[in-house]
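All residue numbers in the sequence shown are consecutive under the numbering used here, ending with 462.
Just so it is clear, CB atoms sit at the ideal spot from N, CA and C, and this is done for glycine as well.
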Amino acid sequence: MGKEGEFPAGRSLGSGFQERKPSILKYPLIPWHSKMSKKRAVILIAGQLASGTTEVGQLVGGSAGLTVLNTESLFREIAAEFQASFQYLQRISRSGEVDLEKVIEGMVRDKIAEGDVVIEGRAALMGLGSKATLKVFLHKEMTERQKFLAKRREISEEEALRELQVSDQERANLVRTLMDSRWTDVKLYDLTVNTSRVGHQGAAQLVKAALETKTT
């Protein structure tokens, strides 16, 4: 890796907004470690955009029977709780009425305290200052990320590259603000994985093996 780079009490968002159910991903319990049910595991899978944090998070959560969360699912949870549309939340965030970034950070801390969860992507970076069973960082070659994001978002590779560069800088700034550290600093993590080398399945297996070591 190269150098970088409560909601206020009450339903204050008003009424009449479209309710959206949270897209929190839940998976059937398929235990791969006998002690998982006895320990409230918290796995943070951070990483670069398009490095595979979502795919690896789903694989790990699915095999361990853990809830998988990311920034989008937490955002949807807020929208559903307050019966507000995404557009409304974005508007009040831009206007400064509510600092949604702080709201999400607080939700991440709450989910970590509850345990039995995999938090992936940008939301995982918000949890780096909290105690977790395992903290993971995924990275991938830029050209592979570029092709992956272009396909997933149906945009050109040039547009994908620009979005990746913006995302990398934004995530770097986030960790610098929260941790006064570089987001690529290996000392922040228990495990770093190059998904260009091992793929998503291989990364999930490495995470599971590391978790077994941490929970024995």
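Pairing A292 with L371 gives a Cβ-Cβ distance under 8 Å.
L380 is positioned such that its CB atom lies closer than 8 Å to that of A456.
L410 places its beta carbon less than 8 Å from that of M388.
In the DSSP assignment, I338 falls within the alpha helix (DSSP H) that extends over 332–341.
Within 10 angstroms of the beta-carbon of R337 lie fewer than 16 other beta-carbons, which makes it exposed.
Under DSSP, A292 shares a beta bridge with F383.
DSSP, read as helix, strand or coil, puts I365 in strand. A direct Cα-Cα distance of roughly 24 Å separates A418 from S341. Bridge pairing for L407: absent [DSSP]. Nearest neighbour of K386 by Cα position, chosen from L312, V439, W429, V453, turns out to be V439. Looking at the DSSP output, N440 sits in a beta bridge with H385. Scanning its chain for C-beta atoms nearer than 7 Å, with the 5 sequence neighbours on each side dropped, one finds around E366 the residues I291, T299, T300, G303, V314, N316, in chain order.
Burial is judged here by how many other beta carbons sit within 10 angstroms of a residue's own beta carbon; R368 has at least 16 and is buried. For L395, the CB contacts under 8 Å within the same chain, skipping 5 residues up- and downstream, are L295, A296, I401, A406, E409, L410 in chain order.
The C-alpha of Q447 is placed about 7 Å away from the C-alpha of L305.
In the displayed model, G373 falls within coil according to three-state DSSP, outside both helix and strand.
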